[in-house]
Amino acid sequence: MEKITDQVIKRNLKVYKLFRKVYDRVKFGANTSKDRVTFEQRLKKTKRFAEKFIDFSSKPDKNVILITVDCLRNDHISYNGYQRETTPFLKSIRGYKASLIATSPWTYPAIASLLTGFYPHNHGAVLEGEDRKFDLSKLKPLKENILTLSEILALFDYATYFNSGIDLAFLSVRRRFHEQRLSSLTDAESILNELERWIKNQDNNFFAHVHLKDLHEPISPPNEFYNYFGEVKKLPKIEYWGEFQKPENQKGGKFEEFRENKLLLYDNTLRYVDYVLEQFHTFLEDKGLIDNTILVITADHGEEFWDHAELEAGYFYDVRGYAGVGHGHSVFNELIEVPLIIMGPDIPKKREEDKPVSGVDIVPTLMDLLGIQHNILFDGINIFKAPKKRLILSENTIHGHEKKALVYGKLKFMYSPGDNVAWIFNLKNDPNEQNPIIDEELSEMFIEKLSKVTSGKMVFWRVI
Ligand SMILES: [Zn+2]
Numbered sequence: 001m002e003k004i005t006d007q008v009i010k011r012n013l014k015v016y017k018l019f020r021k022v023y024d025r026v027k028f029g030a031n032t033s034k035d036r037v038t039f040e041q042r043l044k045k046t047k048r049f050a051e052k053f054i055d056f057s058s059k060p061d062k063n064v065i066l067i068t069v070d071c072l073r074n075d076h077i078s079y080n081g082y083q084r085e086t087t088p089f090l091k092s093i094r095g096y097k098a099s100l101i102a103t104s105p106w107t108y109p110a111i112a113s114l115l116t117g118f119y120p121h122n123h124g125a126v127l128e129g130e131d132r133k134f135d136l137s138k139l140k141p142l143k144e145n146i147l148t149l150s151e152i153l154a155l156f157d158y159a160t161y162f163n164s165g166i167d168l169a170f171l172s173v174r175r176r177f178h179e180q181r182l183s184s185l186t187d188a189e190s191i192l193n194e195l196e197r198w199i200k201n202q203d204n205n206f207f208a209h210v211h212l213k214d215l216h217e218p219i220s221p222p223n224e225f226y227n228y229f230g231e232v233k234k235l236p237k238i239e240y241w242g243e244f245q246k247p248e249n250q251k252g253g254k255f256e257e258f259r260e261n262k263l264l265l266y267d268n269t270l271r272y273v274d275y276v277l278e279q280f281h282t283f284l285e286d287k288g289l290i291d292n293t294i295l296v297i298t299a300d301h302g303e304e305f306w307d308h309a310e311l312e313a314g315y316f317y318d319v320r321g322y323a324g325v326g327h328g329h330s331v332f333n334e335l336i337e338v339p340l341i342i343m344g345p346d347i348p349k350k351r352e353e354d355k356p357v358s359g360v361d362i363v364p365t366l367m368d369l370l371g372i373q374h375n376i377l378f379d380g381i382n383i384f385k386a387p388k389k390r391l392i393l394s395e396n397t398i399h400g401h402e403k404k405a406l407v408y409g410k411l412k413f414m415y416s417p418g419d420n421v422a423w424i425f426n427l428k429n430d431p432n433e434q435n436p437i438i439d440e441e442l443s444e445m446f447i448e449k450l451s452k453v454t455s456g457k458m459v460f461w462r463v464i
């Protein structure tokens, strides 16, 4: 077997990066200049219809920056009590902090929800099929007749910008921004530096969304942070999952050693992301942008490190034979609970960790914060007006049968008829979701609610 050295890791990453670049070019096309033309044509057609729903007579005057960090788990944030000081900068931020339930445990539908205010079954950007095998040919595009926040703001003459280190985020909302880039596997520092350069060139109000790939496999932070909380052992495929995707390998000393080092690498990388966010915040301060910019930091979904490997292996079908690693495959909290931070002028400075909010709430909240009057029936609501308890949905898994979750305060319902699973978790007594409760009566009630929440609606936009 080949000995794993720094050089071998670097070489593997290089090969992978090259592969992804070629893949992205073939799949998504290298020339995105045509995207801008398509975007502008669409925007022209859109205006008259949008006027039925939005009052364009008074203009918003604040900039908006949305930063999404791929694979960022809520429980690894240090202000949530995590053992390592992973996020001193996020902790220091004075703004609004809450736990956000991702609308889906993977990038493509979750990003579309964050930018439209609709659940996946309504916005349409989902993976189709009964027995899902993450077959990318089964991706459905975001519905043409739904506008993203970037498009709404573009109609108010905002400049709009998007850059992603992950191709599926780019693809999810392609042609919905003036300027849209795919910077596959580019680190957070480069993406935010580029955003800074773009911001410096803006004379008008702007909306920018960047999606950071650093916590997503292959995970490889810069040298200064690689061993931040302790030296990460150079174990085979540590930037991925080693040989530990399958349940039969998930035991013994080697597995424990791998798991420990993998978590260390994730935390070191998170510390790097926190550092880069701090640099970016300093840039906003230096440029005098803090007083007229709303900054939202959140994630598309989390990441699993064998948290529910046993339950998954025992109850959920997955043709790969994997359990407990990565994302997209389940709706346990390590995958759907992510942090939400909103800061800016007039934003309440408080933490509401016991009031879960949803990815579909971001757009309606920002519309209100910007003072935009509208009669759009979003799936989400303004976070600051949301009750403590309401039904929040997560859906569209990518391996095996469809799994859905409904969260209601501290109660959570997990439903996968294909796997014969209808479980209730009481998150107050069982925050790690290790003890599923079988309660037929309560399940019936949740199934009824679920069918209402997911029945789909005629979405208001009739644009093209
Ligand atoms: Zn993602």
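Taking UniProt numbering, I'd label the letters of the sequence shown as residues 1 to 464.
Backbone N, C-alpha and C fix where the C-beta goes; we use that ideal spot for every residue, glycine too.
This structure is a prediction, so every number in the text was calculated from the model and none was measured.
Cβ-heavy atom distance, residue i to ligand 1, below 6 angstroms
| i | result |
| --- | --- |
| T107 | yes |
| L300 | The identity of residue 300 in the sequence shown is Asp, whereas the question assumes Leu. Indeed, a heavy atom of ligand 1 lies less than 6 angstroms from the Cβ. |
| D187 | no |
| D61 | no |
| D70 | yes |
For residue i, the nearest candidate out of the options (CA to CA)
| i | options | result |
| --- | --- | --- |
| V64 | E312, V296, D439 and E128 | V296 |
| K91 | H76, E312, S104 and I101 | H76 |
| N429 | Y226, S416, G409 and F446 | G409 |
| H308 | Y322, D300, A299 and H301 | Y322 |
| D318 | K133, E440, T87 and G456 | K133 |
| T103 | G400, N426 and V331 | V331 |
| G400 | N333, E440 and E312 | E312 |
| I383 | K412, E51, R351 and T148 | R351 |
| F177 | L192, D157 and N193 | D157 |
| T293 | L335, E334, L370 and E310 | L370 |
| M445 | G456, K355 and W423 | W423 |
| K213 | G324, T68 and L171 | T68 |
| L100 | R42, I341 and Y228 | I341 |
| G456 | H123, E257 and R390 | H123 |
| D203 | E440, K62 and N333 | K62 |
Exposure label - residue i; buried when at least 16 CB within 10 Å
| i | result |
| --- | --- |
| Q180 | buried |
| D438 | Residue identity check: residue 438 is Ile in the sequence provided, not Asp. The residue is exposed, with fewer than 16 neighbouring Cβ atoms inside 10 Å. |
| E353 | exposed |
| P387 | exposed |
| T38 | exposed |
| G344 | buried |
| N426 | exposed |
| E40 | exposed |
| N205 | buried |
| M367 | buried |
| L168 | buried |
| S57 | exposed |
| G359 | buried |
| L414 | Strictly speaking, residue 414 in this sequence is Met, with Leu absent from that position. M414 comes out buried. |
| E130 | exposed |
| E151 | buried |
| N80 | buried |
| G324 | buried |
| G328 | buried |
| E337 | buried |
| G314 | exposed |
Supposed contact pair residue j and residue i - C-beta distance, whole angstroms, cut 8 angstroms
| i | j | result |
| --- | --- | --- |
| L66 | H209 | 4 angstroms |
| P339 | N145 | About 32 angstroms separates the two Cβ atoms, so there is no contact after all. |
| A299 | L142 | Actually they are not in contact, since the Cβ atoms of A299 and L142 sit about 19 angstroms apart, beyond 8 angstroms. |
| R271 | F305 | That pair is no contact at about 17 angstroms. |
| V363 | L115 | 7 angstroms |
| F49 | H374 | Actually they do not touch by this definition, with Cβ atoms about 13 angstroms apart. |
| H211 | D70 | 6 angstroms |
| L404 | L442 | Sequence inspection shows Lys at residue 404; the Leu mentioned does not correspond to that position. Not quite, the Cβ-Cβ distance comes to about 16 angstroms (not below 8 angstroms), so this is no contact. |
| L335 | G380 | With 8 angstroms as the limit, L335 and G380 do not qualify as a contact, their Cβ atoms being about 20 angstroms apart. |
| I111 | S190 | Their Cβ separation, rounded to whole angstroms, is 20 angstroms, which puts I111 and S190 out of contact at 8 angstroms. |
| L155 | L43 | 7 angstroms |
| K138 | A125 | So it is not a contact: roughly 12 angstroms between Cβ atoms. |
Closer than 8 angstroms is the cut-off here; do at least three beta carbon pairs connect the region 164-172 with the region 105-114?
Touching, per the Cβ criterion.
Check whether the region 238-246 and the region 209-224 are in contact - that is, three or more C-beta pairs closer than 8 angstroms.
yes
Counting pairs of beta carbons, one from the region 188-204 and one from the region 278-294, are three or more of them closer than 8 angstroms?
yes
Touch check for the region 78-91 and the region 257-272: three-plus C-beta pairs under 8 angstroms?
yes
Pairing CB atoms from the region 391-402 with CB atoms from the region 112-131, are three or more of them under 8 angstroms?
Touching, per the Cβ criterion.
With contact counted as at least three CB pairs below 8 angstroms, one residue from each stretch, are the region 93-102 and the region 224-233 in contact?
no
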